[in-house]
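Everything on this sheet refers to the single structure shown next.
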Amino acid sequence: MITIALSKGRIFEETTPLLAAAGIHALENPESSRKLILPTNREDVRLIIVRATDVPTYVQYGAADLGIAGKDVLDEHGGEGLYQPLDLNIAKCKMMVAVRDGFDYEACIRQGARLKVVTKYVKTAREHFAAKGMHVDLIKLYGSMELGPLVGLADAIVDLVSTGGTLRANQLKAVEEIGVISSRLVVNQASLKLNRTQLQPIIDSFAQAIQ
Ligand code: ATP
Ligand code: MG
788 MITIALSKGR IFEETTPLLA AAGIHALENP ESSRKLILPT NREDVRLIIV RATDVPTYVQ
848 YGAADLGIAG KDVLDEHGGE GLYQPLDLNI AKCKMMVAVR DGFDYEACIR QGARLKVVTK
908 YVKTAREHFA AKGMHVDLIK LYGSMELGPL VGLADAIVDL VSTGGTLRAN QLKAVEEIGV
968 ISSRLVVNQA SLKLNRTQLQ PIIDSFAQAI Q
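Going letter by letter, the sequence shown gives residues 788 to 998 in the numbering used here.
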């Protein structure tokens, strides 16, 4: 049995055409089903529905053979035990630093001021500011990072931005790009060695579909 770990929402939506290219169709919609294990039209393939941040963990420990996860999530996880053969070019956005509209980020950097930053992406943020030689106090949040600067919890946020609509709606502005984000196919390294005859055709179909 091949197990593929996916998260609901945009990743599942954008993955559906890729799965179809590999001849894999979920028999139930994860958005409406309460099942966490979804059978597919193929008896030898099942999908498991997990939190986006948990996808690398399931694949790392071999509970799933394949998974699809954002680069944001993979950077935080570290990628241990994972083979990442494909950038799927889906769920594209950017990791950005943002501050309140009136906040002078450049002046802050020039003066070497100590910045308070809220983020879900603590490792990414720590590495980014360290590389710039900036001193920051990082505060871990699990969502709604945009609120931090508005209520005095932080000066800046590190978060994903696609259209910028959420930033604008909360009087924030992006001031720095940390990196471009898209979703990657991740494969359990041991599983690929053991089950290459089953896994390689799926990986190849994905590769073809994204071209
Ligand atoms: P939850 O929203 O339930 O807390 P989550 O934030 O982990 O979970 P999603 O918001 O569905 O889940 O994000 C899943 C992945 O989609 C992220 O890891 C990222 O790679 C990508 N993503 C997140 N936000 C955007 C966006 N605005 N545009 C494009 N891709 C995004
Ligand atoms: Mg989200």
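Virtual Cβ for every residue (Gly too), placed ideally from N, Cα, C.
### Message
Could you compute how far the alpha carbon of T803 sits from the alpha carbon of M788?
### Response
Rounded to the nearest angstrom, the two C-alpha atoms are 19 Å apart.
### Query
Considering only residues of the same chain and omitting the five flanking positions on each side of A850, which have a CB-CB separation below 6 Å?
Correct list: empty, nothing qualifies.
### Query
Pick from K822, D841 and G810: whose alpha carbon is nearest that of R829?
Nearest C-alpha to R829: G810.
### Message
Can you give me the C-alpha to C-alpha distance between L925 and L981, rounded to a whole angstrom?
### Response
Taking the straight line joining both Cα atoms gives about 42 Å.
### Nearest-angstrom Cβ-Cβ length linking I989 and L875, presumed shorter than 8 Å
Between I989 and L875, the beta carbon gap of about 13 Å keeps them out of contact (Cβ cut-off 8 Å).
### Message
I'd like to know whether the C-beta atoms of S978 and D852 end up nearer to each other than 7 Å.
### Response
Closer than 7 Å, so yes.
#### Entry: Residue from I877, P843, A878 and M883 with nearest C-alpha to H864
Answer by Cα proximity: P843.
#### Entry: Contact test: C880 Cβ vs ligand 3 heavy atom, cutoff 6 Å
Questions concerning ligand 3 fall outside what the structure shown contains, since the ligands it does hold are ligand 1 and ligand 2.
### Task
Return the first residue and the last residue of the beta strand (DSSP E) that D942 is part of.
Unbroken run through D942: none, as it is neither H nor E.
#### Entry: Extent of the continuous beta strand (DSSP E) to which K795 belongs
Counting along the chain, K795 sits inside no beta strand (DSSP E), nor does DSSP assign it H or E at all.
### Task
For L947, verify whether its CB is less than 6 Å away from any heavy atom of ligand 1.
Flag set: Cβ of L947 near ligand 1.
### Query
Got a sec, what are the start and stop residues for the alpha helix (DSSP H) S992 sits in?
First-last of the alpha helix (DSSP H) with S992: R983 to A996.
### Query
Using a Cβ-Cβ cut-off of 7 Å (strictly less than) and excluding sequence neighbours within five positions of L834, which residues of its own chain qualify?
Excluding positions up to five away in sequence, the list reads I791, L793, A813, L825 and T827.
### Task
Compute the minimum distance between the beta carbon of D859 and the heavy atoms of ligand 1, and state whether it is under 6 Å.
Answer for D859: yes, Cβ within range of ligand 1.
### Task
Could you check the C-alpha separation between V938 and Q985 for me, to the nearest Å?
If I take the Cα positions, the gap works out to 52 Å.
### Message
Quick check on the burial criterion: 16 or more other C-beta atoms within 10 angstroms. Buried or exposed for D942?
### Response
D942 is classed as buried because its beta carbon has at least 16 other beta carbons within 10 Å across all chains shown.
#### Entry: Other residues of its chain near G930: CB distance less than 8 Å, five sequence neighbours each side excluded
Excluding positions up to five away in sequence, the list reads K907.
### Task
Note the first and the last residue of the continuous alpha helix (DSSP H) segment covering T911.
According to the DSSP assignment, T911 belongs to the alpha helix (DSSP H) that extends over V909 to A918.
### Query
Is A839 near ligand 1, in the sense that its beta carbon is under 6 Å from a heavy atom of that ligand?
Result yes, Cβ under 6 Å from ligand 1.
### Message
I'd like to check one pair, I968 with M882: are the Cβ atoms closer than 7 Å?
### Response
Their beta carbons are under 7 Å apart, which means M882 touches I968 by this criterion.
### Query
Using the C-alpha atoms, what's the distance from C880 back to V962?
One C-alpha to the other measures close to 15 Å.
### Query
Where does I791 sit, in a helix, a strand or coil, going by DSSP?
Strand at I791.
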